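3 is the number of the first residue of the sequence shown in my numbering; add one for each residue after it. Where a beta carbon is used, it is the ideal one built from N, C-alpha and C, also for glycine. The structure displayed is predicted, hence computed values, not measured ones. Working notes, beginning with the structure itself.
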Amino acid sequence: MSFKLIAIRPLKECNPNYLKNLKTNQLYKFYNDYIFYDINNQEIIDLENDVSKIAYLENIPEDLFSQGADDAKTNINVSAIVGKNGSGKSALIELLVASIVKISLGIKDDFINPENLYDSKDEEKKKELVAKYNESIVKDLNSINVEIYFYYNLFQENSREKIRKLKIKNNEITLLDFDKDFNSNPKTFSLQKNTEIHIKSHKPGGEKDLSKSELLFFKDFFYTMIINYSHYGYNTSETGEWLKGVFHKNDSYQLPIVINPFREDGNIDVNSEKYLASSRFLVNILQEKKLRSIAKGKDVSHISIEIDYNKFSHWDESEKKDLRINNRNEEKVEYLELLLEIFYDEKIKLKNFINESFYPYLRDYILVKLYKITFYKKYQKYRKGKHGIIMKNDNPLYFTLISPDNLRIYFEQLKDDGSHITDKLCQAIFLLKYQYLKGDEIFIEKLNEKLIKIDDLYEVIDTTFKSRVDPEEHYLMNKFSIAQSLPSIFKVNYFFEEKYSNHNFNNFSSGEKQKLYSIHSVIYHLRNLKSVQDLIIDENDPNEKMIYYKNVNIIFDEIELYSHPDFQRTFLNDLLKAINSVYQRYDNLNILFITHSPFILSDIPKQNVLFLKDGAVDTFDRASTFAANISDLLVNSFFFSNEIKSGLLMGEFAEETINKTIHWIKGAKKSEKSFNQIKDDFDYHRQIIKIIDEPILRLKLAEMLDELSEQSEVQKEIARKQIDYLNKKFNL
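What follows is the structure, encoded as structure tokens:
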């Protein structure tokens, strides 16, 4: 078995801003095969009783969604939440988000540095924003009373299966483990006595504050990424300023949650998202041909490349330099050559590259990136003091790099980093060193831009990459990584044919973009999470290892937005294939869909579905949701049955129109008016009946209408059209 987010349970006096219409003490289970019992062996559904043991019925194949072979398997579990608008789906996830942040800051209060959340040049304004954030943490995250249950294997060696309960009550955080009973049937996890651990509590006696070494707690915890493109979700103006810290990911993936896409005051920057999606997409399709297929008939085969001038908003074109950098050109060359020497263990002169058309952009991009990396906690010591490499400036956006000796130490640490922090820097250095692109070969000013075959770009990068790897190590390093991909100074567009045309990435439909953005956002973050595994914050303190999350919880909130039904139908399958294509093994993934889509639900067994109605858990009477008929799922799983008067799944306007026709026919039968007097209304309702698609309903109404005229003309006309249709269809 592998990681699962099993259940969430709001407790009494939980903050009403997060509770909303959820019920206190109700166990909201994402996997219904887990049955919770109290100490008297009574099943707990919405009782206040404490959980004593949890039974697992095992009705679903363990590896139903897992990908890869046994020796390189990614363990994956999939569940869903369904229900009408206002049923409590979003409230449940918002409660989870607030709980994770509350737990994280309760254990390690410097997970989020509010100073890094705001870019205001006005220091007073920045202080005001930081104060607002700190106030929100105290006020908006108060009284979050909740229990979270998840299944996991202990991070340490000789791992054991456990179910962990994390509880927040009156700002006190505790954890309890349920251990597996090896002789039980069904499989049962029982609470062990005297195992409760109080984390950062103020309860006298028995507390256990986690030390830095005990932050292994988080390695047994899970990292949550949420993907939600709704324009009305996750707005700091409504939820609270504390939410701002969940969007920022400049913490080396230490805070165990992120929400995508990034929002500023609730607004999504669509252009920024498009750029990020394109960048994340590039390295994946370069290496994995399977990922080049976007939709039927849309396989990426060529790309165009140009300088992304949006990256250079402080650029002086006449001087060919970034105005934020105060160093002279000679100093810039000196520092870049030092950087190349350290990264590639050889002295490299840039004189042959200086005249390259995009060299000034690449040069200054690298220097700005070196400056920005110092904002990460791991590298903050290089901002000032004895390790400082930056001369202060009145404007915080402007800087001067100083001290070659300190720069050398800084560069050596960057070389050994190997995480997502240095990916973009490494991309630029790789191009600077190997010069595998020439400006006059790829940049054409006119519209008929020169396109590059994607296989050719892959070949030149791959050949360059392997040229610096010992042939005996090729089997270990057989693919270049994102760190050797195209630098982000370039803007890339993707084409499905070898000529420049409108048939390209920029002109994808909104549904195609949505699907692409969502899947590659997940892959991007999974790659970065993996890169954190062996990072050290302080090389002199081996206990200061970065947190590496082996368990990842991926939540797709209304992923069907903008998507054609066929995109919804294939989404889960495409996601699983993408994960498998790029990551032959990524520990343990739990995927949770909050959805209104029967197409997505038909891929998930009902045992893995939480049905909500008016904030409470509802039952699903059908045998299963997995591979179920889409129409039946739509009626039964999304609570339509009580609202549909006719018993047929159709639009409300169509249903009311048909009911008006039925009502008119019944009234006309009782009327004493002659047929000629009702002829106009008769013709109107005859037209209505003729455009009804459902055959039984159409014929029955035609029969009722013909009774008014004492003829069978409407039925005959419908029958003739049906015969003509069948003749054409079967060539009779």
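- Positions of the beta strand (DSSP E) runs, each at least 3 residues long and wholly inside the segment 89-150, cannot be given because no such run exists.
- Going by beta carbons, valine 611 and asparagine 34 fall inside the 9 Å limit.
- DSSP places phenylalanine 180 inside the beta strand (DSSP E), whose first and last residues are 174-183.
- With contacts defined as CB atoms closer than 9 Å, valine 103 and leucine 7 fail to qualify as a contacting pair.
- The shortest CA-to-CA distance from phenylalanine 314 to any of Phe220, Ile327, Pro18, Gly70 is the one to Ile327.
- Counting other Cβ atoms within 10 Å of its Cβ, serine 673 stays below 16 and is therefore classed as exposed.
- Of the candidates Leu143, Gln28, Ile454, Leu143 places its Cα closest to the Cα of glycine 247.
- In this structure, DSSP gives alanine 656 a helical state, which the three-state scheme calls helix.
- Closest by C-alpha distance to asparagine 269, out of Glu339, His233, Ile664, is His233.
- Bridge partners of glutamate 163 according to DSSP: Asn155.
- Proximity of the segment 688-708 to the segment 718-728 meets the contact definition, three or more beta-carbon pairs being nearer than 8 Å.
- Contact annotation, asparagine 23 with glycine 617: C-beta distance approximately 3 Å; criterion of less than 8 Å satisfied.
- Shortest Cα-Cα distance from isoleucine 296 to any of Glu514, Leu21, Leu531 involves Glu514.
- For the pair of segments examined, the segment 305-314 was found not to touch the segment 547-555: the number of CB pairs separated by less than 8 Å stays below three.
- By the CB criterion at 9 Å, aspartate 48 and leucine 29 fall inside the cutoff.
- Shortest Cα-Cα distance from isoleucine 229 to any of Phe223, Ile259, Ser54, Tyr255 involves Ile259.
- Selection Lys455, Ile525, Tyr36 evaluated against tyrosine 502 yields Lys455 as nearest (Cα-Cα).
- Here the C-alpha atom of leucine 427 lies approximately 16 Å from the C-alpha atom of lysine 493.
- Bounds of the beta strand (DSSP E) holding phenylalanine 613 are 611-615.
- Bounds of the alpha helix (DSSP H) holding arginine 282 are 272-289.
- Rounded to whole angstroms, the separation of the alpha carbons of threonine 424 and tyrosine 346 is 15 Å.
- Histidine 316 is classed as exposed because its beta carbon has fewer than 16 other beta carbons within 10 Å across all chains shown.
- The Cβ neighbour count for arginine 282, taken over all protein chains shown within 10 Å, is at least 16; the residue is labelled buried.
- Segment contact: the segment 523-535 against the segment 182-200, fewer than three CB-CB distances shorter than 8 Å; contact not assigned.
- Leaving aside the five residues that flank aspartate 683 on each side, the residues in its chain whose CB is nearer than 7 Å to its CB run, in chain order, Trp666.
- A Cβ-Cβ separation of about 5 Å places lysine 134 in contact with glutamate 243 under the 8 Å criterion.
- Of the candidates Lys394, Pro600, Phe249, Ile368, Phe249 places its Cα closest to the Cα of proline 116.
- Between the alpha carbons of glutamate 562 and serine 68 lies a gap of roughly 23 Å.
- Under the DSSP assignment, alanine 57 falls outside any alpha helix (DSSP H), being part of the beta strand (DSSP E) whose first and last residues are 55-58.
- Listed in chain order, the non-local C-beta contacts of serine 711 below 8 Å within the same chain comprise Phe677, Phe684, local neighbours out to five positions each way being set aside.
- Looking at the DSSP output, alanine 9 shares a beta bridge with Lys31, Tyr151.
- DSSP links tryptophan 317 through a beta bridge to Asp324.
- Under DSSP, leucine 168 shares a beta bridge with Ile150, Leu177.
- Tyrosine 153 has its alpha-carbon roughly 40 Å from the corresponding atom of valine 302.
- Under the Cβ criterion (8 Å, minimum of three pairs), the segment 589-604 counts as touching the segment 79-89.
- Under a 10 Å Cβ-count criterion, glutamate 500 is classified as exposed, with fewer than 16 other Cβ atoms of the shown protein chains found around its own Cβ.
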